[in-house]
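If you count by the numbering used here, then the sequence shown holds residues -17 to 1109, one letter each, in order.
For every residue, glycine included, the Cβ atom is placed at its ideal position computed from N, Cα and C.
The structure presented is a predicted model; accordingly, all values stated were derived computationally and were not measured.
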Amino acid sequence: MDFSLNWKKYNINYCCCIFLQFLFLQLLLFCSSNAYDELLMLSPDKSGLRNLCIGTSNGRALVDIYSINRYTFLRKAYENCRHITGNLEISYVFKEDIENDWLLQKQENGRNNSTDVPLKPREPFYFLYHLEEIYGYLFIYNVTVDEVSLPSLRIIWGEKLLEGSAITVGSSPSLRYLNMPSLRSVVSGIVTIIDSSNLCYMMQDPTKENTDNDKTVDYREFLGDQYRERLDLKNFSDKCRAAATCSKLCREKNCFGSRPDQCQHIYRKDCQEECESRSCYKDANGISRCCDEACVGGCEGEGRGKCIACQELEEDGRCVSQCTGTQKYNRKQKINELIPKSKAKYAYEKHCLSQCPPGTLIETSSCVARCSPGFYRNAKVDPSKCIPCPERNCPRVCQFPPSGNGILNSENIHLLENCTEVEGYITIIDQSYVEISEYVEEEQFIRFELNEKPKSKIFPPLNASQLEILKSIKIITGFVSIEGSNSKNPLRPTTLSFLENLELIEGRQLFFGKYALSIFGDPELKWLGLRSLSNITHGTPEFGCWGPGPEQCVKCRKYLRDRECVDKCPEEGYFVDNSKPLICQPCDNQCKVCHGPLPTQCSICETFHIWILQNSTTNNTSNSLEYDYEEFEEDEFITTTTPKEQFAEGSWTIGAIKKCVEYCPNSKTYPLGFECRPCHDACFEGCTGPDDLVGKNGCNNCLYALRDDQGNFRCLKGDELSPSNDVCGPKNTFGEDFFLALEPPNSPTKFLCRKCRPECKRCSRDGVIEMSSDGNTQFCDCAFWRLEAAFVNNNRPTECSMDCGKGSYVLKYPNETLNGIGECRRCHPFCDIHRSCYDDGPSNCEKCAHGGIIDKNGTVQCLNACPPQLPYADEEGICQLVDREHSRRQKQIKIVGGVFLAIILLAALIGFLVYRCLIYQKKYIKEVQMHLPEIPPLDPLKVTQRPNMRRLNLIQVNELDFLPGKSTVLGQGAFGIVYAAISALDSRLNEKEMLREAGIMHSVQHEHLLPVAGICLGGGGGLKIVTLLRPLGSLLKFFEQYSSQLGSKQLMLYCYQISSAMEYLTKRAIVHRDLAARNVLVKSALHVEVTDFGLATSIIIIIIIKDYKILKTKYHMTRYQKNQERD
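In structure tokens:
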């Protein structure tokens, strides 16, 4: 019955009850019946034995108390098993469990009409008789049987240990025999036996060697020479000292019990000392041989195929360093090829398996417990495979629950934030939705002290907003358990929509050992809402619904689109698959309208389309979902050499199909409208048009190219993996006189077809050497002449030449040979290479290279060097007593040296004269500037004299040539008028003060201060000061007239001279107070003098200061003070 059809007819809670009952029935039928058969084993091998089984890690914990008994669990998990990955835990097994298991087998076989069950129970643990290896530890605890027999067990690897022990036997006083006669090696861990007092044959006296005792196990055989350090044996019964000895049929004196089948197999005692691992075997002659270094626990013969166990990996009975895997390297094509699935091998633990065990994932060529970083698994595609993450953005994998707290609550739910996969299980109980007070443990137990309450931690109740965190979960490796109660709690959700995106429950761990999904005791739950749940490893509901609404259906009546049932599929973006007609399958992202999921099955593209070879696509006619969704290789793209006219006609697309793409692949196509046109098939790394030339509207680069006369590169077809000179031959319609050359990295082509040298008809590389040194490869096929090496230097290769020129002589002319190629030979090495020779030998040279002597017959014999008695060779190569060439060179050197010396002396003389002229010119200019016209005489007789500048002269009025009012006014200052060489002060000023000022002016003597000649009283116009006349005027007017001719050097000189004058006045405690360009006279172009001391005064005056500012002095007020008074 389909409950989704009649949902509205029933009360919502009643429907939920019926639905949940139906769901649990489905899950029980699918989950519990096959849990142990599928989860804990692999398929059997050809012998009917299972190759690999999964162990447990429960330790001393009592588990599965509501499930089948422990003995039945062990039988179903390990029957006929050869290797256990993990641990073998035999705990809480009692005699009655063995009998009950026998009765259970009778009932099961009775239902199946089978007669395989014996009339009475078999020996305890008979199903472990084929066990050969344990990768973890062996744990026997609290068993009441008499014997645990593992007759085929050879290796205990100890990769996982229980408190440091690889073999642990505890709390089993009824156990008398632990029979492991074939045990050869315990690789890691110790042996611990405690509170198993009757296990006498495992007792070891620490004071004696094993060989002195004839009724116990020789631990040295499987623990090594340091076995005493790896034993922890306690609490043996005193009766063990009187226990029976080993069977007389035992080859050695060591055993696990008194029966013959309990004799210990010894393989180390007879081993040679040179065997480092003390691992050996005996050959047919009884001689002890060392086992292969890849073996562990000994061997049965020579080679890696005879090892008991392998150090690294075992594949098909042979020790290997790595498994075959899923790919192999094709050396010829230099690519990886897939190995057929029937021959592929996956690495897991110490074995190479043809399929990974349940509970593991396939990642490349290995079986892993979880995906490595950079990989993830997609529950919808294949949850058993780890695939590379897209753009290294991997979904988050979380381990839950945390240690010590197996219930989901408000304290630990944040650990599942943004998790896509949960390694573990999720359990939500009614107490998760109430406030929880939890005691805080200290030092692993709760302390209760007098009058002191234990510490506690308050967990707030879990609310609906926190449960939204679980919406990101898609995979749970364990189980999901939801438990409610009859009490009403508004915080408890009425649906499980917070798990609406959950797609897969693997059931590696089962609730109570049976259930992958358990929901019970919650009458307020209206519907489940697990709309994305499509796979429970051990069963999935076939019909019904998870709740109300079209998105909660388990199966749709018409069509399913994006997890929602609909009446019909949309016309755009979806298509109906013929193999699954009830599903609206999405089109590829590049399709607007399609008839299949591939980008080659688009009717209308979203953006661009490209034409690909039809024989390179997958079967596109069946509309099956079994497609390979990987992108097509670029080799599938059509490349063309068709003319542009055929592009317009569209005939170039015959035999191809259209594929929609997001963008045009740059390496093979170029866009033209919405179509990706193929590049020329000779182009490399893309193109911008159909031409085969590098550049605009052609190829971006070439793999092979030919350069034309205009310097353009024309791309050529050729194999990228195996470059060959055939590219430059008839394959591309060339002649035979081209060869293939590797170009520099910045060239637009990787290989270039270059023309052979004219000496060659054809060639395989640049140069004129005819043959390789080994004679196997011909580099150049000569076109005109073959030039052989000299007879005495025959190790030099033969070369091709245009003619027999200098340095060689003719052996055969072209008309004398069958192939029309002339032959010539190089002259003797003693001959000059710039001249010819007549034949082979040093006496047939036209000229000697190093020197030669004339014999009695008048023949010149060329030598490697001139003899000591004739050490010098002349220009004709004849050895002479005197070095004529050296003498001639010495004479030439002397002549050239004399001429050069004369030139140097002449140049030095000219330079000296020029230097003197320049010095004279500078001195002349300086004299002109310094010796200007003198001042007029001061005495009546007009006698030329200079004034005494060390005293202040009183000058009469009649002694002056220029009188005030009659002479030209040169300028006017703040306190007077300047005539030619006379300063007439303003009559308003006190003459006493002016005299004092004139005295101050006369007292200064500095080369850049204008000297005072004297003063004149009377004659009207007040006091007159007489100074030297400077015809060049003031610096202000000098600037105005010559500013364009003055440089920064002159300006800096003026500044320096004025500053030196001011520094001098400062040292004399005098302030000028009217320094300006108009008060500076120009004596010469390189000399200025400061004048106009009308405002000068001594610094010893009254200074009025207010608010730390100088306001005025005796004769001068600042502008600030003037403004103050004006206000």
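For L542, there is no enclosing alpha helix (DSSP H); the residue is found in the beta strand (DSSP E) stretching over Y541 to R543.
Within the segment 428 to 500, the complete alpha helix (DSSP H) segments of 4 residues or longer fall at 446 to 449, listed in chain order. Around the C-beta of E331, 16 or more other C-beta atoms lie within 10 Å, and the residue is accordingly described as buried. The continuous stretches of beta strand (DSSP E) do not include A765, and DSSP gives it neither H nor E.
In terms of Cβ geometry, Y263 and E282 form a close pair [threshold 8 Å]. Around the Cβ of G239, a 10 Å sphere holds 16 or more other Cβ atoms; the residue is buried. A contact is defined here as three or more CB-CB pairs under 8 Å, and the segment 81 to 89 fails this definition with respect to the segment 36 to 44. V168 has its alpha-carbon roughly 12 Å from the corresponding atom of G280. For L1035, the enclosing alpha helix (DSSP H) covers residues S1030 to K1049.
Beyond the five residues adjoining it in sequence on each side, N826 comes within less than 6 Å, by CB distance, of C819 and Y820 in the same chain, given in chain order. Non-local beta-carbon contacts of Y541 in its own chain, meaning distances under 8 Å to residues more than five positions away in sequence, involve C547, V548, D549, K550, C551, V558, L564, I565 and C566 in chain order. Boundaries of the alpha helix (DSSP H) harbouring R52: R52 to Y60, taken from the DSSP string. The alpha-carbon of V1072 is positioned some 15 Å away from that of F1021. In this structure Y902 is exposed. Its beta-carbon is surrounded by fewer than 16 other beta-carbon atoms within 10 angstroms. With 16 or more other Cβ atoms from the protein chains shown falling within 10 Å of its own Cβ, F721 counts as buried. Annotated as distal: A723 and C697, with beta-carbon spacing of 8 Å or more.
Runs of the beta strand (DSSP E) spanning 3 or more residues and lying entirely within the segment 331 to 398 occur at 333 to 335, 343 to 345, 348 to 350, 357 to 360, 364 to 370 and 378 to 382, in chain order. Under the DSSP definition of a beta bridge, K737 partners with F720.
Residue state for L936 is assigned as strand, using DSSP reduced to three classes. If one requires a minimum length of 3 residues, the beta strand (DSSP E) runs lying completely within the segment 842 to 918 are 842 to 844, in chain order. Of the candidates I410, V774, S755 and D719, D719 places its Cα closest to the Cα of D748. Boundaries of the alpha helix (DSSP H) around K1019: L1017 to Y1024. For R202, the enclosing alpha helix (DSSP H) covers residues R202 to L205.
Nearest neighbour of E373 by Cα position, chosen from I389, T402, G356 and A361, turns out to be G356. In this model, C844 and C809 are separated by some 12 Å (Cα to Cα). Distance from the CA atom of L56 to the CA atom of K288, rounded to whole angstroms, is 31 Å. In terms of CA proximity to V536, E485 leads the group K574, Y159 and E485. Cβ contact annotation for P370 (same chain, cutoff 7 Å, sequence separation greater than five): G356 and F357, in chain order. When C-alpha distances from F109 are compared across F121, P133 and T126, the shortest belongs to P133. In this model, P339 and L34 are separated by some 7 Å (Cα to Cα). If you look at I751, you'll find it isn't in any beta strand (DSSP E); DSSP assigns it neither H nor E. With distances taken between CA atoms, V842 lies nearest to E828 out of T582, C228, L769 and E828.
Note on G503: under 16 other CB atoms within 10 angstroms of its CB, so exposed under the neighbour-count rule. CA-CA distance, L157 to R241, rounds to 16 Å. For the set R1012, G981, S585 and Y906, the Cα lying nearest the Cα of I997 is the one of G981. By the criterion of at least three beta-carbon pairs nearer than 8 Å, the segment 106 to 120 is in contact with the segment 61 to 73.
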